[in-house]
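Right, one structure below, let's go through it.
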Amino acid sequence: MPATKFICPNGNRIPIKSCLAACPQKERCLFLPTLRAIAVSVDRGIKEPTVTELIAGVRETYLKKTTDFAVAPQSVLYALHGQAVHTINENCTDGEILSEIRLKDQITSGKFDLYGKILDEEEGVLGDLKVTSSFKLMKALGIYKTRVATGEIYKTGLKKGQMKYRNELRADGVKHVLDWAIQLNYYRMLLEKEGFTVKRMFIQAMCRDNNLRIAAERGIDQSVYIIPIKKISDQWLIRYFAKKASQLYIAMQTKTLPKICSSKERWHDRKCLDYCDAGENCPYGQQLRFEKAKQVS
Ligand code: SF4
Ligand code: SF4
Numbered sequence: 632m633p634a635t636k637f638i639c640p641n642g643n644r645i646p647i648k649s650c651l652a653a654c655p656q657k658e659r660c661l662f663l664p665t666l667r668a669i670a671v672s673v674d675r676g677i678k679e680p681t682v683t684e685l686i687a688g689v690r691e692t693y694l695k696k697t698t699d700f701a702v703a704p705q706s707v708l709y710a711l712h713g714q715a716v717h718t719i720n721e722n723c724t725d726g727e728i729l730s731e732i733r734l735k736d737q738i739t740s741g742k743f744d745l746y747g748k749i750l751d752e753e754e755g756v757l758g759d760l761k762v763t764s765s766f767k768l769m770k771a772l773g774i775y776k777t778r779v780a781t782g783e784i785y786k787t788g789l790k791k792g793q794m795k796y797r798n799e800l801r802a803d804g805v806k807h808v809l810d811w812a813i814q815l816n817y818y819r820m821l822l823e824k825e826g827f828t829v830k831r832m833f834i835q836a837m838c839r840d841n842n843l844r845i846a847a848e849r850g851i852d853q854s855v856y857i858i859p860i861k862k863i864s865d866q867w868l869i870r871y872f873a874k875k876a877s878q879l880y881i882a883m884q885t886k887t888l889p890k891i892c893s894s895k896e897r898w899h900d901r902k903c904l905d906y907c908d909a910g911e912n913c914p915y916g917q918q919l920r921f922e923k924a925k926q927v928s
């Protein structure tokens, strides 16, 4: 089921259709065309699970397919940024680059962004466009903070006699791009099944908060980064997607709530608390949100 309700800035919930027909507030919280675009973006009308849905937790995808949920228009606005970037690129392929084609196999379907001569003179390059946060980019680029001794000693105060430290950024950490790599590699596999050779894969990641101080503190000083993606074996991909597709299929057939999403899938609970659209229909998400609300009140 797609999202059926909007959450207004004052916390009220309203069916999306009613919101679009007439806002009960004195003034809309966003322009009407923006709200219409958001309504379209939260209902893609695809029944079978897609590559991106299978990468998410099975419980999350199950709940989003079987229960009504509400979204705050302002919090899903970033999805429109992503779509706008896709459209801009799609309109500039000059007929020589393939883009935005949905491919299917027995397990799932996925729509790749760009394929062809997109980076240099080499054909067969697969590209994916992302609009993401400086936090995710910092992780994807392997940037991390480390405490370095300055060589100076505190001369007064509580820390008198102790070494002074400062935070330094390093860029030689683990590159956390597994989800992006799984997604892009599945598109590669779908393209190869259709007879297209994929020689290299890249993500073009645009930072949505790159001019904020927090982004600079995370070492993100460019608005866009090109990130190479390595090949993952087809065998591994098929096993991973077939298992999740089968878990989802069984859950849908038996109408049984799948087991809790893995710690990684739920971003170590951060997603359950603030970012999972299925959170209010998930017992685990409900419990976490209840405890958080109790702490605040
Ligand atoms: S326009 Fe905004 S405030 Fe008005 S009903 Fe829709 S979501 Fe609520
Ligand atoms: S709230 Fe957490 S556990 Fe529940 S569906 Fe969402 S991500 Fe999964």
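To convert a position in the sequence shown, counted from 1, into our numbering, add 631.
Every residue gets a Cβ at the ideal spot worked out from N, C-alpha and C, and that includes glycine.
Computed from a prediction, not measured in an experiment: that's the story for all the values here.
Report task. Using 8 angstroms as the cut-off, classify the Cβ of A909 as near or not near the heavy atoms of ligand 2, replying yes or no. Result -> It does: the Cβ of A909 is within 8 angstroms (strictly closer) of some heavy atom of ligand 2.
Report task. Could you give the DSSP three-state label for P859: helix, strand or coil? Result -> P859 carries a strand assignment under DSSP once its states are collapsed to helix, strand and coil.
Query - C-beta contact flag for M832 and T763 at 9 angstroms - result: Between M832 and T763, the C-beta spacing is not below 9 angstroms.
Query raised in the report: D933 to G688, Cα distance in whole Å?
Result: No answer is possible for residue 933: the residues shown for the chain start at 632 and end at 928.
**Report entry** Length of the line joining the Cα atoms of I645 and H717
**Finding:** Distance between the alpha carbons of I645 and H717: 30 angstroms.
Query raised in the report: Nearest-angstrom Cα distance between I647 and I719?
Result: Our two residues, I647 and I719, have alpha carbons roughly 27 angstroms apart in a direct line.
Query - Close beta carbons around A780, own chain, < 8 angstroms, minus the five adjacent residues each side - result: Hits under 8 angstroms: M794, K795 and Y796.
Query raised in the report: What did DSSP end up calling E721 once you bin it into helix, strand or coil?
Result: Under the three-state reduction of DSSP output, E721 falls in the helix class.
Query raised in the report: For ligand 2, any of its heavy atoms closer than 8 angstroms to the Cβ of L694?
Result: Yes - ligand 2 has a heavy atom lying nearer than 8 angstroms to the Cβ of L694.
Query raised in the report: Are the beta-carbon atoms of A634 and D908 separated by less than 9 angstroms?
Result: The answer is yes: Cβ separation under 9 angstroms.
Query raised in the report: Skipping 5 residues on each side, what residues in its chain have a beta carbon closer than 8 angstroms to that of D627?
Result: There is simply no residue 627 to check, as the chain begins at 632 and stops at 928 in what is shown.
Requested in this report: Could you tell me whether any non-hydrogen atom of ligand 4 is closer than 8 angstroms to the CB of L757?
Outcome: Summarising the ligand content, the structure contains ligand 1 and ligand 2 and does not contain ligand 4.
Requested in this report: Can you tell me which of the three DSSP states S649 falls into?
Outcome: S649: helix per DSSP, three-state reduction.
Report task. Determine the closest residue to R801 out of D865, E848, K761 and R690, with distance taken between C-alpha atoms. Result -> Considering only alpha carbons, the answer is E848.
Query raised in the report: Once you ignore the five residues that flank L661 on each side, which residues in its own chain have a CB closer than 6 angstroms to its CB?
Result: Close CB contacts of L661 within its chain, under the 6 angstroms cut and outside five residues either way in sequence, are with P704 (chain order).
Query raised in the report: Hey, out of P680, S649 and E684, whose CA is closest to A670's CA?
Result: Checked all of P680, S649 and E684; the closest Cα to A670 is S649.
Report task. State the Cα-Cα distance for the pair I869 and K790, rounded to the nearest angstrom. Result -> Looking at the two C-alpha atoms, the distance is approximately 56 angstroms.
Query raised in the report: Is F637 near ligand 1, going by C-beta to nearest heavy atom under 8 angstroms?
Result: True, at least one ligand heavy atom lies under 8 angstroms from that Cβ.
Query raised in the report: Is the beta carbon of T697 sitting closer than 9 angstroms to the one on E684?
Result: For the 9 angstroms CB-CB criterion, T697 and E684 do not form a contact.
Report task. Write down the C-beta distance between A710 and S672 rounded to the nearest angstrom, noting that I regard them as a contact closer than 8 angstroms. Result -> Right, the Cβ-Cβ distance comes to about 5 angstroms (below 8 angstroms), so this counts as a contact.
Requested in this report: Determine the direct distance from the alpha carbon of L694 to that of K767, and round the result to whole angstroms.
Outcome: One C-alpha to the other measures close to 25 angstroms.
Query raised in the report: For V702, which residues of its own chain have a beta-carbon under 7 angstroms away from its beta-carbon, when the five flanking residues on both sides are left out?
Result: For V702, where only same-chain residues beyond five positions count, the Cβ hits under 7 angstroms are A634, F637, I638, V673 and D908.
Query raised in the report: Between the Cα of I891 and the Cα atoms of A668, T777, R690 and P655, which residue gives the shortest distance?
Result: Distance check between I891 and each of A668, T777, R690 and P655 places R690 closest, using alpha-carbon atoms only.
Query - Cβ pair count under 8 angstroms reaching 3, the stretch 815-831 against the stretch 720-738 - result: Verdict: yes, contact present.
Query - Residue interval of the beta strand (DSSP E) (run including Y775) - result: For Y775, the enclosing beta strand (DSSP E) has its first and last residue at Y775 to I784.
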